[in-house]
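Note that numbering that gives the first Met the number 0 has the sequence shown beginning at 0, numbered continuously upward.
We put the beta carbon where it would ideally sit given N, CA and C, even for glycine.
Take a look at the structure below.
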Amino acid sequence: MRFAVQSRNDPQSNELMERAINYLTHFGLELDEEKPEIVLSIGGDGTLLQAFHRYTHMLSEVAFVGIHTGHLGFYADWKPAEIEKLVISIAKNEFDVIEYPLLEMTINYQDNTDCFTYLALNESTVKSPEVTLVMDIELNGKLFERFRGDGLCVSTPSGSTAYNKALGGAIIHPSLETIQLTEMASINNRVFRTVGSSLVLPAHHNCVLKPVKVDDFMVTIDHIQLLHKNVKTIQYRVAKDKVRFARFRAFPFWQRVHDSFIDSDLRD
Ligand code: NAP
């Protein structure tokens, strides 16, 4: 089996990366950064986001596993002390693969030049660089509302515990093929009105954002932020592609939510 390792690049993560490479090659696995079948991410959830974006062109061929060298993560749920156990399971091919939904974003520009499509593991956000964001939100081709506020966040189920949660969005189980649209500080008064709640859309629905006046936006895809100029539309939907995680033991999603947010004594 071919493997690759992504490190957060701090001393502890780098040391663990060296050990993982030594163990895995000792067991006859081949280090292949170009075409890995399994990718070990060593660091935090942010490190796994980087690993994901490094291999988005081959998601159907690769499975990810995350080891945390800081606190317990949603994607990085193995402890450093478990590295040998993990390596043996990988070498013996003793793991299941589970799939989580992704977010697809497509941006079209005013001059009808190329449109660009991106995949997000956590979320995409849209903000106006200097002024209040004003966007018409269309759901399935029909105007739903005109949004005014700080910004909008569209998250995947597994990303619902990240930025979306900080904005008051719901935590969604990753077995549900959905995306969630959450407001950032909408302006609501007698003149301007938004629904105020997060919207959870199923896989056969889509959401299109249309600029009202300003058409330059700061758009994020996970940890990547880009300024897009002359934007005509930004479309979101559940992606056809999925991300694959190698699962070696049961660690249910709600248990991870509990251990991360409720009972801090269980954090590592
Ligand atoms: P960062 O600003 O260095 O870290 C953001 C934090 O979010 C880290 O503690 C990270 O965990 C955690 N995180 C990432 N994915 C998560 C998930 N699915 N569930 C729960 N926590 C998660 O940025 P980064 O490490 O490059 O990560 C980018 C992410 O930061 C974005 O995708 C966005 O979700 C998040 N973010 C959150 C806020 C907010 O909560 N107000 C604001 C901006 C961005 P680790 O420490 O394990 O890496």
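- Phe-252 is not a Cβ neighbour of Thr-193, given a cutoff of 8 Å.
- Per DSSP, Arg-53 is one residue of the alpha helix (DSSP H) stretching across 44 to 53.
- Counted as a single uninterrupted DSSP element, the alpha helix (DSSP H) harbouring Tyr-22 occupies residues 10 to 25.
- Under DSSP, Asn-107 forms a beta bridge with Thr-232.
- Rounded to whole angstroms, the Cβ separation of Lys-212 and Thr-232 is 15 Å, and the two are not in contact under 8 Å.
- Going by DSSP, Lys-164 is part of the alpha helix (DSSP H) stretching over 162 to 165.
- Boundaries of the alpha helix (DSSP H) harbouring Arg-255: 252 to 260, taken from the DSSP string.
- Between the stretch 218 to 232 and the stretch 71 to 83, the count of C-beta pairs closer than 8 Å stays below three; the two stretches do not touch.
- According to the DSSP assignment, Leu-118 belongs to the beta strand (DSSP E) that extends over 115 to 119.
- Relative to the ligand NAP, His-222 has its C-beta within less than 7 Å of a heavy atom.
- When the Cα atoms are used, His-204 and Ser-157 turn out to be separated by approximately 19 Å.
- Relative to the Cα of Leu-48, the nearest Cα in the group Glu-93, Asn-139, Ser-123 and His-257 belongs to Ser-123.
- According to DSSP, Leu-226 shares a beta bridge with Met-217.
- With respect to the C-alpha of Thr-131, the residue from Leu-120, Gly-150, Thr-116 and Leu-118 having the closest C-alpha is Gly-150.
- Proximity to Val-199 across Glu-98, Gly-168 and Ile-136 peaks at Gly-168, based on C-alpha coordinates.
- Counting C-beta pairs with one atom in each stretch, the stretch 79 to 92 and the stretch 12 to 29 have three or more that are closer than 8 Å, which means they touch.
- For Glu-83, the uninterrupted alpha helix (DSSP H) run begins and ends at 82 to 90, by DSSP.
- Around the beta-carbon of Lys-126, 16 or more other beta-carbon atoms lie within 10 Å, marking it buried.
- Residue side-chain check: Asn-121 places its Cβ nearer than 7 Å to a non-hydrogen atom of the ligand NAP.
- Of Asp-44, Cys-206, Asn-92 and Leu-102, the smallest CA-CA separation from Ala-161 is found for Asp-44.
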